[in-house]
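Colleague: Okay, here's the structure, questions in a sec.
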């Protein structure tokens, strides 16, 4: 079997991590022996779950933040591992692992190097000098890359616009997920939804505005909280559901108290039944400041929910303004409130938009499709290099 090493800076409950783990687990069905190498900043609970489905190893020097000592140590360790284990393919994921992994692969003489672009690190919210540094490193690493996989067209075009690689190096493969559970959630019975509402302390009359995301900087939940008073002033039966956990939870909970929203906002923490949480929403919200191609938008649409989203890279591939939701300017809480209110005050329109979005989601978003396409990419590269 062909040996493949996937490298990821950390393994947490997030889109890039979940799709990478699914890829590593699924490649065995295509006669590839795949291993996932992650750093020590990983979620221990998620690592324990991952060990049940994939070959996984941790490298303590691999860190997400820029730390020159650890970064050089990680580069040396990666080089040593690649030399010893004799992998045929190295597949890096996300920015930091992508830079270190591709340089280590080149030093170790790895025949095939693939990189998946899950998102944009050098976005407009970075300091200009840091953006320039990231772009320079990406341009250098592109010369060591046989194939780029972009999770969406917007991401691919953004990288090419910054002269990172050439068009011939790229292909788009949508991030895959278990869509069936989200399709099924769209069919939940009224009784089941009522039971879930009671569990969360919500009444049957409450109209739910929900967001699913890690509670991390850059995910933008604070903008929904800023919009909440304006929404409540016109639509007092609105309630807000923040599904997810993360290091910003305490900050957001303090913001809820400061704005006297504690009777209107429910923070659920991590939920394994996220699809059932989405099924409760009347309006699904997306407030991230940067992403690649947001998986949660696929999930919202699969359950059949109308979406109000910040208009960042990748969103236009999944939210067609006025068709299955609305896009609003980034950080614009007033526009966010206005479009949420439009959907709350016109429920028939909201339902129709949810149905429109559901029709947009097909099997190209399934895990099986993603893994199959990645395996085909490997086979093409192996044939091209006569390996």
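Residue numbers (the UniProt record's numbering): 1 to 387. C-beta atoms are modelled at their ideal positions from N, C-alpha and C, and glycine is treated no differently.
1. When we look at the beta-carbon of residue 147 and count the other beta-carbons within 10 Å, is it buried (16 or more) or exposed?
2. How close, in whole Å, do the beta carbons of residue 249 and residue 266 come, if the pair is a contact with beta carbons under 8 Å?
3. According to DSSP, simplified to helix, strand and coil, what is residue 3?
4. From residue 364 to residue 299, what distance separates their C-alpha atoms?
5. Would you mind sorting residue 284 into buried or exposed? The rule is 16 or more other CB atoms within 10 Å of its CB.
6. On the criterion of 16 or more Cβ atoms from any shown chain inside 10 Å, does residue 53 qualify as buried, or is it exposed?
7. Please work out which residues of its chain come closer than 8 Å, Cβ to Cβ, to residue 137, disregarding the five sequence neighbours upstream and downstream, and give them in chain order.
8. Cα-Cα, which of 212, 192, 211 is closest to residue 204?
9. Look up residue 51 in the DSSP assignment and say whether it is helix, strand or coil.
10. Starting from residue 377 and walking both ways along the alpha helix (DSSP H), at which residues does that stretch end?
11. So the alpha helix (DSSP H) residue 26 belongs to, where does it begin and stop?
12. Which whole-angstrom value is the C-beta distance of residue 207 and residue 124, which I expect to be below 8 Å?
13. Exposed or buried, which one is residue 44 when buried takes at least 16 other CB atoms within 10 Å?
14. Along the beta strand (DSSP E) that carries residue 147, what are the first and last residues, could you check?
15. In terms of residues, what are the limits of the beta strand (DSSP E) holding residue 211?
16. Rounding to the nearest angstrom, what Cα-Cα distance links residue 7 and residue 37 in this structure?
17. If you pair each beta-carbon of the segment 289-305 with each one of the segment 335-349, do three or more pairs fall below 8 Å?
18. Residue range of the beta strand (DSSP E) that residue 91 falls in?
19. Which residue's Cα is closest to the Cα of residue 11: 29, 60, 2?
20. I want to know whether the segment 95-111 touches the segment 69-87 - three or more CB-CB distances under 8 Å.
21. In terms of residues, what are the limits of the alpha helix (DSSP H) holding residue 274?
22. Give the straight-line distance between the Cα atoms of residue 102 and residue 142, rounded to the nearest whole angstrom.
23. Since residue 244 and residue 198 are thought to touch, with beta carbons under 8 Å apart, how far apart are those beta carbons, to the nearest angstrom?
24. Is there at least one Cβ from chain C nearer than 8 Å to residue 314's Cβ?
25. Comparing C-alpha positions only, which one of 63, 25, 263 sits nearest to residue 237?
26. Tell me whether residue 175 is buried or exposed, calling it buried when 16 or more other Cβ atoms sit within 10 Å of its Cβ.
27. Would you kindly work out how many angstroms separate the C-alpha atoms of residue 342 and residue 362, rounded to a whole number?
28. Should the segment 326-343 be regarded as contacting the segment 184-191, the criterion being three or more beta carbon pairs within less than 8 Å?
29. Hey, residue 225 and residue 277: beta-carbon distance below 8 Å or not?
30. Got a sec: does the ligand FMN put a non-hydrogen atom nearer than 7 Å to the Cβ of residue 296?
31. Put residue 33 into one of helix, strand or coil per three-state DSSP.
32. Quick check on the DSSP output: the beta strand (DSSP E) that includes residue 239 runs from which residue to which?
33. Spell out the partners DSSP gives residue 192 in its beta bridges.
34. My output table needs one value for residue 86: the three-state DSSP class, helix, strand or coil.
35. When you compare only the Cα positions, how much space is there between residue 372 and residue 30?
36. Buried or exposed: which applies to residue 370, given that a residue is buried once 16 or more other Cβ atoms fall within 10 Å of its Cβ?
Modeller: According to the data block:
1. By one-based count along the chain shown, residue 147 stands at place 147. Classification of residue 147: buried, given that the 10 Å Cβ count is 16 or more.
2. The residue labelled residue 249 in the question sits at position 249 within the chain shown. The residue labelled residue 266 in the question sits at position 266 within the chain shown. Incorrect: roughly 13 Å between the Cβ atoms, too far for contact.
3. On the chain shown, position 3 is the one that residue 3 refers to. Residue 3 falls in the strand class under three-state DSSP.
4. Translated into the one-based positions of the chain shown, residue 364 becomes position 364. Translated into the one-based positions of the chain shown, residue 299 becomes position 299. Taking the straight line from one Cα to the other gives about 13 Å.
5. Along the chain shown, one-based indexing puts residue 284 at 284. So residue 284 counts as buried.
6. The residue given as residue 53 occupies position 53 in the chain shown. With fewer than 16 other Cβ atoms within 10 Å, it is exposed.
7. The residue labelled residue 137 in the question sits at position 137 within the chain shown. Same-chain partners within the cutoff: 99.
8. On the chain shown, position 204 is the one that residue 204 refers to. The shortest C-alpha separation from residue 204 is found at 192.
9. Counting from one through the chain shown, the residue named residue 51 turns up at place 51. DSSP places residue 51 in coil when its eight states are reduced to three.
10. Here the question's residue 377 lines up with position 377 in the chain shown. Taken as a continuous stretch (DSSP letters only), the alpha helix (DSSP H) holding residue 377 covers 367-384.
11. Taking the first residue of the chain shown as position 1, residue 26 is located at position 26. Taken as a continuous stretch (DSSP letters only), the alpha helix (DSSP H) holding residue 26 covers 15-26.
12. Start at 1 with the first residue of the chain shown, and residue 207 comes out as number 207. Start at 1 with the first residue of the chain shown, and residue 124 comes out as number 124. With 8 Å as the limit, residue 207 and residue 124 do not qualify as a contact, their Cβ atoms being about 34 Å apart.
13. Stepping through the chain shown from its first residue, residue 44 is reached at position 44. The residue is exposed, with fewer than 16 neighbouring Cβ atoms inside 10 Å.
14. Within the chain shown, residue 147 is the residue found at index 147, counting from 1. 147-150 is the extent of the beta strand (DSSP E) around residue 147.
15. The residue labelled residue 211 in the question sits at position 211 within the chain shown. Start and end: 207-212.
16. For the purposes of this step, residue 7 is taken as residue 7 along the chain shown, with counting starting at 1. For the purposes of this step, residue 37 is taken as residue 37 along the chain shown, with counting starting at 1. In a straight line, the C-alpha of residue 7 is about 5 Å away from that of residue 37.
17. no
18. The residue labelled residue 91 in the question sits at position 91 within the chain shown. Per DSSP, residue 91 belongs to the beta strand (DSSP E) from 89-93.
19. As a first step, residue 11 is located in the chain shown; it is residue number 11 there, counting from the start. Measuring from the Cα of residue 11, the nearest candidate turns out to be 60.
20. yes
21. Numbered from its first residue, the chain shown carries residue 274 at position 274. Note, residue 274: alpha helix (DSSP H), 274-280.
22. Locating residue 102 in the chain shown gives position 102, counting from the first residue. Locating residue 142 in the chain shown gives position 142, counting from the first residue. Rounded to the nearest angstrom, the two C-alpha atoms are 9 Å apart.
23. Locating residue 244 in the chain shown gives position 244, counting from the first residue. Locating residue 198 in the chain shown gives position 198, counting from the first residue. With 8 Å as the limit, residue 244 and residue 198 do not qualify as a contact, their Cβ atoms being about 21 Å apart.
24. The chain labelled as chain C is not found in the depicted structure, where only one protein chain is given.
25. On the chain shown, residue 237 is found 237 positions in, with the first residue counted as 1. Selected option, being the one with the closest Cα: 263.
26. For the purposes of this step, residue 175 is taken as the residue at position 175 of the chain shown. Per the 10 Å Cβ criterion, buried.
27. In the chain shown, residue 342 corresponds to position 342, counting from 1. In the chain shown, residue 362 corresponds to position 362, counting from 1. One alpha carbon belongs to residue 342, the other to residue 362, and they sit about 28 Å apart.
28. No, because fewer than three Cβ pairs between the segment 326-343 and the segment 184-191 fall closer than 8 Å, the two stretches do not touch.
29. Numbered from 1 along the chain shown, position 225 holds the residue referred to as residue 225. Numbered from 1 along the chain shown, position 277 holds the residue referred to as residue 277. Not a contact, by the Cβ cut-off of 8 Å.
30. The ligand FMN is not part of this structure, which contains no ligands at all.
31. As a first step, residue 33 must be located in the chain shown, where it is residue number 33. Strand.
32. Residue 239 sits at position 239 when you count from the first residue of the chain shown. Unbroken beta strand (DSSP E) run through residue 239: 238-243.
33. Your numbering for residue 192 matches position 192 in the chain shown. In the DSSP output, where bridge partners are listed per residue, residue 192 has none listed.
34. If you number the chain shown from 1, residue 86 lands on position 86. In this structure, residue 86 counts as coil in the three-state DSSP scheme.
35. In the chain shown, counting from the first residue as 1, residue 372 sits at position 372. In the chain shown, counting from the first residue as 1, residue 30 sits at position 30. In a straight line, the C-alpha of residue 372 is about 8 Å away from that of residue 30.
36. The residue given as residue 370 occupies position 370 in the chain shown. Classification of residue 370: buried, given that the 10 Å Cβ count is 16 or more.
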